[in-house]
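Residue numbers for the sequence shown follow my numbering, beginning at 6 and rising by one.
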Amino acid sequence: MPAEKGVIHRIKDINQMEWWPMAGYSLSMKADHCLTLETPTKLAMATRVRAHLVALDHALMCCPQ
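This is the structure in structure tokens:
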């Protein structure tokens, strides 16, 4: 699927879903931002943790105040 600014898919109508992912629930609760970070489970845990920390650092540095 094509991505636009890192978003692969935007939820059209959350009420039509049987199960709500955290991003959907956050949007329904009027959260300003929600990040869903995933790393391959085949990587070492230390590598996965570093990847998450880099992603969070980048998101926090780029987010408007």
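Heads up, the beta-carbon is just placed ideally off N, CA and C, and yes, glycines get one too.
Please determine, among the options, the residue with the shortest C-alpha to C-alpha distance to residue i.
i: LEU40; options: MET34, ALA60, MET66 and ALA8; result: ALA60
i: SER33; options: ASP18, THR44, VAL54 and ALA49; result: ASP18
According to DSSP, which residues form a beta bridge with residue i?
i: GLU9; result: VAL12
What does the alpha-carbon distance come out to for the pair residue i and residue j?
i: GLY29; j: THR44; result: 20 angstroms
i: SER31; j: ARG53; result: 24 angstroms
i: LYS47; j: ARG55; result: 14 angstroms
Taking residue i and residue j to be in contact with their CB atoms under 8 angstroms, please state how far apart those CB atoms are, rounded to whole angstroms.
i: LEU42; j: HIS63; result: Actually they do not touch by this definition, with Cβ atoms about 11 angstroms apart.
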